[in-house]
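In our numbering, the protein residues as written are 7 to 415. For glycine and all other residues, C-beta sits at the position ideal for the given N, C-alpha and C.
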Ligand code: NAD
């Protein structure tokens, strides 16, 4: 079993050694500032009480309030949440937003809960953590299986518990409740803005018209897939938890979406072959985009990966042993902390708009995002060349330098 927190610390160690970073500061960054585990009693629809477990990890706030999503998943655990909070500090620093890193989660399969139970669970979580969050302290957001609606319930509960009426304590809210235009598209589109820079710099020898396979067909992967198709790429495979579909001539994404909506799954889409998630990862494509869960590229399958470029839209999809193999094989990996930082970038814009009573159009948001995330790529690319290292190590060097600079001397 891969320990995600050990992976995160290994990535920081590689960056510290490559760029000879301050070892005392690096030791501080290897641990979160604090983390809590809370028990959330929820009255279920059958009248019985069920107790859920939730976590919030606050990694580092040298550059600004802790910031990061809350995920609902049956496999959430403290180590995962701590690793994800660590990644958030680095992601925010790479894309240069004035936030630190945080992350939360609840052990739950939300599909097993009614809307009422989900609301009571979400409010119950906030009742347990409201004293440690706030617009200038810690600003949560949606993640896997959490939505704008859930953020709305959480914000309402936060306002009731704390008396603080600011809208800026949660981001990823719905538009009619203080959310930002463009947040929905932000992570997927942000990944494609980075991808545009990769193409411009001819990294991985990818040319327009190339093929793309995406693991996942949720928020991030659908927007990435649509934007990549618009750039002239052929999206040949997508998947969900039940399996994937493949057509070497490219998939009609609108029809795939309609099929998923109608049947609840991707499989058996007319005009495509059913494949497993592991077959999807090993397809002979130009670009592989893991956009579902972590640790899907491992020592076991890394040698079988045929893509020339991997764009990590999920958090932590590549195990360290797989990274070594990809480096040897010359497969370029655009790391998660750069590729998927569009979401947090627009979360920052939402927070900023809430704090300053502003409201930006989608065009304004996406234009700012494009500029900011492309600049992040340029900064990472410069260090990648300077140290002749991987994009991942270069991104960690950039982020660590920025965080260390902001830490108390
Ligand atoms: P989502 O819930 O909208 O979609 C997740 C997708 O993964 C779904 O298609 C689901 O069917 C699929 N999936 C679930 N279990 C799977 C399995 N075992 N095998 C294959 N596919 C599986 O979530 P999302 O918001 O699109 O997030 C996807 C990834 O991107 C996560 O790793 C998340 O942490 C990361 N991420 C999301 C954002 C964001 O803004 N939403 C930002 C940064 C990173």
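Self-check item: Cut-off 7 angstroms between Cβ atoms - residues of its own chain near residue 144, not counting five sequence neighbours on either side
Solution: 64, 71, 72, 108, 138
Self-check item: residue 175, DSSP secondary structure in three states
Solution: coil
Practice problem: Can you have a look at residue 364 and say buried or exposed, based on whether 16 or more other CB atoms are within 10 angstroms of its CB? | Solution: exposed
Quiz item: In three-state terms, what does DSSP make of residue 209?
Solution: helix
Quiz item: Nearest CA to the CA of residue 374: which residue from 348, 393, 397, 391?
Solution: 348
Quiz item: Between residue 223 and the ligand NAD, is the CB less than 8 angstroms from at least one heavy atom?
Solution: yes
Self-check item: Delimiting residues of the alpha helix (DSSP H) encompassing residue 58
Solution: Note, residue 58: premise wrong, no alpha helix (DSSP H); beta strand (DSSP E) at 55-66.
Quiz prompt | Inter-residue CB distance, residue 449 and residue 220 (contact presumed, cutoff 8 angstroms) | solution = The question about residue 449 has no answer here: the residues shown for the chain are numbered 7 through 415.
Quiz item: Using the beta-carbon count (16 or more within 10 Å), is residue 378 buried or exposed?
Solution: buried
Quiz item: Given that a residue counts as buried once 16 or more other Cβ atoms are within 10 Å of its Cβ, and exposed if not, what is residue 76?
Solution: buried
Self-check item: Span separating the alpha-carbon of residue 359 from that of residue 369
Solution: 15 angstroms
Quiz item: Span of the beta strand (DSSP E) holding residue 246?
Solution: 240-246
Exercise. Would you decide whether residue 57 is buried or exposed? Buried here means 16 or more other CB atoms lie within 10 Å of its CB.
Key: exposed
Quiz prompt | Where the beta strand (DSSP E) containing residue 344 begins and where it ends | solution = Element bounds for residue 344: not the beta strand (DSSP E) but the alpha helix (DSSP H), 342-345.
Self-check item: Spatial neighbours of residue 126 in its chain, beta-carbon cut-off 7 angstroms, leaving aside the 5 residues before and after
Solution: 48, 49
Quiz item: Do the segment 87-102 and the segment 163-174 make contact, defined as three or more Cβ pairs closer than 8 angstroms?
Solution: The answer is no - the segment 163-174 does not touch the segment 87-102, with fewer than three Cβ pairs under 8 angstroms.
Quiz item: If you drop the 5 nearest sequence neighbours on each side, which residues of the same chain put their C-beta closer than 7 angstroms to that of residue 382?
Solution: Excluding sequence neighbours, residue 382 sits near 100, 101, 102, 344, 347.
Exercise. Please confirm whether residue 244 and residue 256 have their CB atoms less than 9 angstroms apart.
Key: Cβ atoms of residue 244 and residue 256: not closer than 9 angstroms.
Quiz item: Using a threshold of 8 angstroms, is the CB atom of residue 149 nearer than that to any non-hydrogen atom of the ligand NAD?
Solution: Residue 149 Cβ: within cutoff of the ligand NAD.
Self-check item: Nearest-angstrom beta carbon gap, residue 406 and residue 37 [assumed within contact, 8 angstroms]
Solution: About 14 angstroms; that fails the 8 angstroms criterion.
Quiz item: For the ligand NAD, is there a heavy atom less than 8 angstroms away from the beta-carbon of residue 193?
Solution: yes
Quiz item: Is any heavy atom in the ligand NAD found nearer than 8 angstroms to the beta carbon of residue 346?
Solution: yes
Quiz item: Hey, is residue 210 close to the ligand NAD, as in C-beta under 8 angstroms from one of its heavy atoms?
Solution: no
Self-check item: Residue closest to residue 402, alpha-carbon to alpha-carbon, out of 15, 121, 306
Solution: 15
Quiz item: Looking at residue 300 and the ligand NAD, is the gap between the Cβ and the nearest heavy atom below 8 angstroms?
Solution: At least one heavy atom of the ligand NAD is nearer than 8 angstroms to the Cβ of residue 300, so yes.
Quiz item: CA-CA distance, residue 411 and residue 41?
Solution: 24 angstroms
Quiz item: Helix, strand or coil: how does DSSP classify residue 320 here?
Solution: The answer is coil: DSSP assigns residue 320 none of H, G, I, E or B.
Self-check item: Contact test: residue 319 Cβ vs the ligand NAD heavy atom, cutoff 8 angstroms
Solution: Set against 8 angstroms, the gap from the CB of residue 319 to the closest heavy atom of the ligand NAD is smaller.
Quiz prompt | Given residue 183 as reference, the closest of 356, 380, 253, 74 once Cα atoms are compared | solution = 356
Exercise. Please confirm whether any heavy atom of the ligand NAD lies closer than 8 angstroms to the CB of residue 227.
Key: yes
Exercise. Indicate, with yes or no, if the ligand NAD has a heavy atom lying under 8 angstroms from the CB of residue 256.
Key: no
Self-check item: the segment 188-200 / the segment 226-241 touching (three or more Cβ pairs under 8 angstroms)
Solution: Below 8 angstroms, enough C-beta pairs join the segment 188-200 and the segment 226-241 to call them touching: three or more.
Self-check item: Test item: CB-CB of residue 340 and residue 318 under 9 angstroms
Solution: yes
Exercise. Out of 12, 218, 158, 66, point me to the one whose CA is closest to residue 86's CA.
Key: 12
Self-check item: C-beta atoms of residue 420 and residue 295 nearer than 9 angstroms
Solution: Outside the modelled stretch of the chain, which goes from 7 to 415, sits residue 420, for which no answer is possible.
Quiz item: Does the ligand ZN have even one heavy atom less than 8 angstroms from the beta-carbon of residue 75?
Solution: As presented, the structure is devoid of the ligand ZN, carrying the ligand NAD as its sole ligands.
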